[in-house]
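Note sheet for the following structure.
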Amino acid sequence: MNDGERAPWRVAVLGASGLLGRAIAAELAASAGFEVVSTAMSRAGEGLHRLDLTDTPALERFFDTHRPRTVVLAAAERRPDICEHEPARARALNVTAVEAVARAARRHECRVLAISTDYVFDGRDAPYLPDAAPHPLNAYGQSKLDGEEALWSVTRDGCVLRLPLLYGPLEALGESAVTSFIPALQRASAQHPAVIDNWAIRYPTFTLDIAVVIRQILERDAAGRPVDGTHHWSGDEPMTKYAIALNLAERLDLDPSLIVAQSTPTDATPRPFDCHLDSSSLEALGIGKRTPFKQGLDLVLGNWAVVQTG
């Protein structure tokens with residue numbers, strides 16, 4: 002290494018096999034400023050170290066071995082219905098593991114960037130600034146809020162990044178709520194139309210954009226200008242799942258008349274009405290990237306077609 006040349010900033014991406022984790026790991030790996038160590042659990046394999054975040058001794062060994070400068074905690078139980086019906090499982094990953102990661106990181110003088118959710122809010126008073134009072138409506142939102150509090154109970158040397166509905170390059174349609182109802186759209190008929198929620202407002206946010214945002218945050222970390230505290234990032238195009246379904250139908254050449262709008266909430270697990278996240282704290286730092294939804298959707302579905310035929 003030449004004099005004055007800075008060694009790459011080593012980042013551990015925990016949960017790098019998931020929809021968001023893959024995008025983050027790829028974005029950081031493509032930058033000369035970072036050295037990436039990626040972990041997964043059920044999908045560990047080539048390039049992904051197997052790490053059970055609920056196994057504290059294994060977590061300590063991981064930090065002892067790899068000594069990251071920042072850890073990005075992208076692993077979580079994100080399915081609201083699972084969180085509602087299996088609360089112990091959700092809390093193990095969304096709360097207890099966050100605290101364990103934070104403790105290991107503090108011992109190794111490592112920063113933590115933890116991913117959280119817009120579901121910490123009740124959706125009645127959008128847009129939400131990072132310091133707005135949280136009020137989760139369901140077990141998922143509560144578990145993520147408790148995870149934030151677990152992090153801050155251990156360290157203030159880190160960042161919580163709250164995000165809304167995600168979509169991005171897929172390995173399975175069910176990885177994102179944006180694409181999970183494609184099979185229902187494909188099966189729809191005049192006798193059995195696809196009934197899609199047209200009540201709750203969402204802000205689909207592209208994982209490749211979030212990966213850029215996280216890289217920009219970590220670049221400031223590496224330069225000694227850390228982004229501490231709680232921040233938000235969100236797409237800026239409001240739409241219901243019904244509006245998303247119409248976009249999918251157009252892209253997939255499906256009959257939009259076979260999609261019926263459901264104008265009252267029907268989910269067994271309560272969802273908030275509108276949790277639009279105000280992203281101005283990051284924008285003020287010159288951080289951010291937004292891909293128009295239709296452009297991002299084209300990239301996702303084009304990539305999915307290649308995966309299916311490859």
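Convert by adding 1 to the 1-based position in the sequence shown; the result is the number in the numbering used here.
Yeah, the Cβ is synthetic: ideal placement off N, Cα and C, and Gly gets one too.
Secondary structure at residue i, three-state DSSP: helix, strand or coil?
| i | result |
| --- | --- |
| A103 | helix |
| V301 | helix |
| Y120 | helix |
| Q192 | coil |
| L114 | strand |
| R90 | helix |
| I288 | coil |
| A98 | helix |
| R11 | strand |
| A17 | coil |
| R108 | helix |
| D210 | helix |
| L130 | coil |
| D198 | strand |
| K295 | helix |
Can you give the Cα-Cα distance for residue i and residue j, rounded to whole angstroms?
| i | j | result |
| --- | --- | --- |
| V307 | V161 | Note that V307 has pLDDT 49, beneath the 50 cutoff, so the model's placement of it is unreliable and no number is given. |
| R105 | T97 | Looking at the sequence provided, one finds Ala at residue 105 rather than Arg. Going from the Cα of A105 to the Cα of T97 covers about 13 Å. |
| T231 | Q192 | 48 Å |
| K145 | I183 | 28 Å |
| A173 | S18 | 12 Å |
| G48 | S39 | 7 Å |
| T310 | L171 | For T310, the predicted structure reports a pLDDT of 47, less than 50, and the residue's modelled location is therefore unreliable. The matter cannot be settled from this model. |
| A101 | S264 | 42 Å |
| G289 | L259 | 37 Å |
| A134 | T57 | 31 Å |
| Y243 | P9 | 44 Å |
| R291 | G297 | 9 Å |
| A27 | E150 | 29 Å |
| A178 | L166 | 7 Å |
| A234 | L219 | Reading off the sequence, residue 234 comes out as Trp, not Ala. The straight-line gap from Cα to Cα measures roughly 15 Å. |
| L15 | R62 | 14 Å |
| Y204 | R125 | 15 Å |
| A113 | L74 | The residue you asked about is not Ala; residue 113 is Val in the sequence shown. Rounded to the nearest angstrom, the two C-alpha atoms are 7 Å apart. |
| D82 | A269 | 8 Å |
| F122 | G169 | 24 Å |
| G148 | E85 | 16 Å |
Among the options, which residue has its Cα nearest to the Cα of residue i?
| i | options | result |
| --- | --- | --- |
| D119 | V38, S258, D132 | D132 |
| G225 | D158, A189, T241 | D158 |
| F274 | D198, A250, L164 | D198 |
| E284 | I260, L302, V213 | V213 |
| L300 | T40, L219, D210 | D210 |
| R108 | V155, T206, I83 | V155 |
| I245 | P9, W234, H233, A262 | A262 |
| H277 | P257, D268, G236, N304 | G236 |
| P266 | V72, A31, A201 | A201 |
| L286 | A140, I116, V228, G46 | V228 |
| L29 | I215, P194, D256 | I215 |
### Task
For the segment 138-190, list the alpha helix (DSSP H) runs that are entirely contained and at least 4 residues long, ordered along the chain.
List check, alpha helix (DSSP H) in window: 140-155, 183-188.
### Query
Along the chain, which unbroken stretches of the beta strand (DSSP E) at least 3 residues long are found entirely within the segment 20-69?
If we require 3 residues or more, the beta strand (DSSP E) runs fully inside the segment 20-69 come out as 35-41.
### Query
Is the segment 18-28 in contact with the segment 61-68, if contact means three or more CB pairs nearer than 8 Å?
Using a Cβ-Cβ distance cut-off of 8 Å, the segment 18-28 and the segment 61-68 are not in contact, since fewer than three pairs of beta carbons, one from each stretch, lie closer than that value.
### Query
Are three or more beta carbon pairs between the segment 249-260 and the segment 85-100 nearer than 8 Å?
Two segments are said to touch when three or more pairs of C-beta atoms, one from each, lie closer than 8 Å; by this definition the segment 249-260 does not touch the segment 85-100.
#### Entry: Uninterrupted alpha helix (DSSP H) stretches inside the segment 212-274 (no shorter than 4 residues)
As far as the segment 212-274 is concerned, its whole alpha helix (DSSP H) runs of at least 4 residues are 242-253.
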